[in-house]
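The block underneath contains the structure these notes are about, expressed in structure tokens.
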Amino acid sequence: TDNLFLVLGGLILLSLLKTAGASAAALVCGYPARIALLVGLALFQVGEFSFLLLGQAARLELVSPQTYQVTLAIIALSMMITPLVFANSEKLATRFRTSGSKGSEPSDSQRLQGLSGHVIIAGYGVSGRNLGWLLTQTSIPHLFIEIGGLGMEQGRKAGAEILFGDATSPEVLESAGINRARALVLTINDPAALHRAVRAARDMDPDIPILVRSRYVLEEEHLRSLGATAVVSEEFESSLQLGMTLLLTLGQPEGRVLKLANNLRNLRNQSLDNLEKANLGGFLSVLDAAEIEFWSVPADAGCIGRSLAELDLRNKTGGSLIGLVRDEVLSYQVDAATTLQKGDTLLLFGNQDDLLKATEYLRHPDVSTYKSGEITH
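Be aware that the sequence shown starts at 22, since it is given in the numbering used here, and climbs by one per residue.
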């Protein structure tokens, strides 16, 4: 009985001291009180290295047998209750905050209460930051959920709306406004946590689109069964991007490369009924012999300064000009009077032979003397 009280008392005292120490360190680093408490709760346990130190101390007879047994029990118990404490750390921190804590961080629920129609991104890594940039460019409101202190610091320095917490926690998802959000994107590296986050989000909102980044193709089916709306596999997308880059390097027309990539993606995503309707590849797949290619006008091209009427592209090569990119604006309003300029990007349409002839012709130093089959560099 005496040893039992010693073990429990030692466990409580040691846990409080470690929690207080870690929380104090987080406060000194400038983190709000709630976050500091979460840090303390995550680090309250005694680490595995303590077993080695205690064992070595016992061998050297630096501690008595009773002290060894009591300390060993305290270490083991602290490690045993760690999952329980960590799983409830958000609830404990929330209760601490609402019971009169005067930390510098306002309530997340209050701070984010007015946010709606936003996108929630779990993870402030490379994928998350890129998604955030895209959403910023399109003026779509969004916020991040991040559990790592480094990610938090980087996000706040960058001015991102960022919520500290675990995306597998319903409390955190609720604070992020999942029931008011337009979509949830999960870029979590831990597969087990990723599965829990999908399940938790789908339980909270049956209708929200959940987009997931997975590492491997084999994970996709299981993630969809848990409730993911769409799964993007790093394994597949990186191989597809590598293949596209290879084909472009080997001189294949960009339009053909895009069509092949989209067709390959369609083959492995046939379960997504609306995918073919939503991308260019599905439309182009009905044009078996046709290609679309974006071609940038070189500085020394003979077509510069000439109108489409003068060039008579279709009659001379079989290829057609269906669009023009100038000053980063794509326009399909091209007519016979349109004059080509240096830096233009042309949207050409035709079969492979026609496109090859068209680019040879347009690149030729003097289009008036061009003969089919001349290759210019």
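Note that CB positions come from ideal geometry on N, CA and C, so glycine has one too.
Asked                                                                                           : Found
Whole-angstrom C-beta distance between I209 and G144, which should lie under 8 Å                : 5 Å
Minimum C-alpha distance to V140 - residue among V346, H163, E275                               : H163
Residues that F107 bridges to, as DSSP identifies them                                          : None, per the DSSP bridge assignment.
H243, DSSP secondary structure in three states                                                  : helix
Status (buried if at least 16 other CB within 10 Å, exposed otherwise) for V147                 : exposed
Residue from V84, V106, A197 with nearest C-alpha to S137                                       : A197
Between the CA atoms of N287 and L296 - distance to the nearest angstrom                        : With a pLDDT of 40 at L296, under the threshold of 50, the modelled position of this residue cannot be trusted; read the value that follows with caution. Each residue's Cα considered, the two are about 7 Å apart.
Residue from K280, Q373, I325 with nearest C-alpha to T366                                      : I325
Neighbour-count burial assignment, T390, 16 or more Cβ in a 10 Å radius                         : exposed
Paired residues, beta bridge with L97 - DSSP                                                    : Going by the sequence as given, residue 97 is Ala instead of Leu. Beta-bridge pairing links A97 to no other residue.
Where R223 falls: helix, strand or coil (DSSP)                                                  : helix
Burial state of S260 (16 or more Cβ within 10 Å)                                                : exposed
S160, DSSP secondary structure in three states                                                  : coil
Option in L59, D333, P274, F65 with minimal Cα separation from I400                             : Nothing about residue 400 can be reported from this structure: the residues present for the chain run from 22 to 398 only.
Three-state secondary structure assigned by DSSP to T366                                        : strand
Which of helix, strand or coil DSSP assigns to L332                                             : helix
In DSSP terms, what F165 is bridged to                                                          : I142, I183
Per-residue burial, N200 [other beta carbons within 10 Å of its own, 16 or more giving buried]  : exposed
Local Cβ density within 10 Å of K280, reported as buried at 16 or more and exposed below that   : buried
Buried/exposed call for R80, threshold 16 Cβ in 10 Å                                            : exposed
At least three beta-carbon pairs within less than 8 Å, the region 174-187 to the region 237-254 : no
Straight-line gap, E126 to L27 (C-alpha atoms, nearest Å)                                       : With a pLDDT of 46 at E126, under the threshold of 50, the predicted position of this residue should be treated as unreliable, and no value is reported.
Extent of the continuous alpha helix (DSSP H) to which E275 belongs                             : 275-288
Selection from A57, I56, G61 that minimises the alpha carbon distance to I35                    : For the record, residue 35 in the displayed sequence is Leu; it is not Ile. With distances taken between Cα atoms, L35 lies closest to G61.
Supposed close pair L361, V318 - CB separation, criterion 8 Å                                   : 6 Å
For G42, the three-state DSSP class (helix, strand or coil)                                     : helix
DSSP state of E256 mapped onto helix, strand, coil                                              : helix
CB of A204 within 8 Å of CB of P230, strictly                                                   : yes
Anticipated Cβ contact below 8 Å, G180 with F165, distance rounded                              : Their Cβ separation, rounded to whole angstroms, is 12 Å, which puts G180 and F165 out of contact at 8 Å.
Nearest candidate by alpha-carbon position, reference I102, set A63, E82, Q90                   : A63
Straight-line Cα distance separating I142 from G405                                             : Any property of residue 405 remains undetermined from this structure, which presents the chain solely from 22 to 398.
Per-residue burial, N283 [other beta carbons within 10 Å of its own, 16 or more giving buried]  : buried
Coarse secondary structure for L81, derived from DSSP in three states                           : coil
Through-space distance from L156 to V49, alpha-carbon basis                                     : 34 Å
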